Structure formats: C-alpha cells, structure tokens
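Positions in the sequence shown are counted from 1; adding 28 to them yields our numbering.
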Amino acid sequence: LLSEEEIFPVCSPALLQGADPLKTPDDLRSHTLIHDLFWKTRFVGRFPDWESWLAEEGVTGVDASRGLGLHPTEMVLDAAVAGRGVALGRSVLVKNDLDAGLLVRPFARTIRLEFAYYLVCPRANAARPKVKAFREWIFDEIGEGRA
Numbered sequence: 029l030l031s032e033e034e035i036f037p038v039c040s041p042a043l044l045q046g047a048d049p050l051k052t053p054d055d056l057r058s059h060t061l062i063h064d065l066f067w068k069t070r071f072v073g074r075f076p077d078w079e080s081w082l083a084e085e086g087v088t089g090v091d092a093s094r095g096l097g098l099h100p101t102e103m104v105l106d107a108a109v110a111g112r113g114v115a116l117g118r119s120v121l122v123k124n125d126l127d128a129g130l131l132v133r134p135f136a137r138t139i140r141l142e143f144a145y146y147l148v149c150p151r152a153n154a155a156r157p158k159v160k161a162f163r164e165w166i167f168d169e170i171g172e173g174r175a
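Given below as structure tokens:
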C-alpha cells in the first residue's frame, strides 16, 4: 500500500474572508460548488460528490447540484486555487497545494475513498535491484503522505 485516499472540501484561503466568509458548511449556500465531472461520470455511485459530502456533514438547504462542472481534475483544482469556488479535493492530488498554502481545508469532514494506491510487481521481481531502488524512491517521494 502506497497511500489510501480521502476526499474533502478545498478552496482558496481568500474564501475564508470577505463579504461571505466560509466558516461553517452552511456557508456553502453562498459559494460556488465546483464539481469534478471526470469522477462524477465514470464512477457513478462509487465516488463521493457534493450531495454525499453534505449528507455526511448533516448540511441541509444547500443545492448540491448547482455550481461549476469541470473536466479534467486539474481544471477543478485550478478553479479552486483561483478562488472560483469550493471543490472536493482528493487528498493525494491536493497535498502539494495544501502544503504550499494555495488551498486550505475549510472543514474537517473527510470521506475515505474505496480507492487506494499500491505498488505492484510479480513476486519473483521484488528482489531485483531496479525494483528495490524504485520502491525506495517512490516511498521517499510519498513521504509523510504514505499510509
């Protein structure tokens, strides 16, 4: 196992201030929800969306279908960094932007995904020097994010 994955809201730090500061999940009523159309169309019912995140959080009165739908995922994250709204970020994909302060997590609620990342090779090849070197490199690259 290289890393498990979670999904949670992310946004530009600028959305935490201003005329309609994002302080509680109920404040999402006055912010644009950014939808990742790639995951929404390919993993229907298996990938959390705004409707499922809001239900987990117990938020009512927020129309989970409204907002901005983008594809691919990079555009979703670029829009969130630019302050265009709030996106559901995948932990592995948003780690660098969170570390750099380009994105923040306005709320603590996460949903663990059924997807995870694994390093896989035939057992007979696991002891090969190239495979061992790659394994060490990939674990170093993942660092603290490794499960």
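Glycine included, each C-beta is placed from N, C-alpha and C at the ideal position.
No experiment lies behind these values; they were computed from the predicted model shown.
Which same chain residues, not among the five before or five after residue i, have their C-beta less than 8 Å away from its C-beta?
i	result
Val159	Cys149, Asn153
Asp168	none
Asp54	Val87, Gly89, Val90
Ala107	Ile62, Leu96, Leu98, Gly113, Ala115
Could you give the distance in angstroms between the alpha-carbon of residue i and the alpha-carbon of residue j?
i	j	result
Leu39	Thr60	First, the residue type needs correcting, since residue 39 is Cys and not Leu in the sequence shown. Spanning the two alpha carbons is a distance of roughly 10 Å.
Phe162	Leu98	34 Å
Ser58	Asp48	7 Å
Val120	Glu84	21 Å
Gly111	Arg156	47 Å
Leu43	Ile139	22 Å
Ile62	Leu116	7 Å
Pro134	Leu56	10 Å
Pro76	Val87	15 Å
Gln45	Pro37	16 Å
Val109	Leu141	23 Å
Note down, in chain order, each residue of its chain lying with its Cβ closer than 6 Å to the Cβ of residue i, except the 5 sequence neighbours on either side.
i	result
Asp64	Thr101, Val104
Glu164	none
Trp78	Leu61, Ala92
Report the residue from the options whose alpha carbon sits nearest the alpha carbon of residue i.
i	options	result
Glu33	Val122, Arg151, Ala136, Ile166	Val122
Trp81	Arg151, Leu131, Ile35	Ile35
Leu147	Val114, Leu131, Ile166, Thr52	Ile166
Ala136	Lys51, Val109, Arg151	Lys51
Pro41	Val132, Leu141, Arg151	Val132
Would you give the residue range spanned by the beta strand (DSSP E) that residue i belongs to?
i	result
Leu121	No beta strand (DSSP E) holds Leu121; the alpha helix (DSSP H) holding it covers 119-127.
Leu96	96-98
Arg140	139-145
Within a Cβ cutoff of 7 Å, which residues of the same chain sit near residue i, ignoring the five residues on either side of it in sequence?
i	result
Trp67	Phe75
Arg151	none
Arg118	Glu33, Ile35
Considering just the uninterrupted stretch of the alpha helix (DSSP H) at residue i, what are its terminal residues?
i	result
Val109	101-109
Are three or more beta carbon pairs between the region 119-130 and the region 87-98 nearer than 8 Å? With fewer than three CB-CB distances shorter than 8 Å, the region 119-130 does not count as touching the region 87-98.
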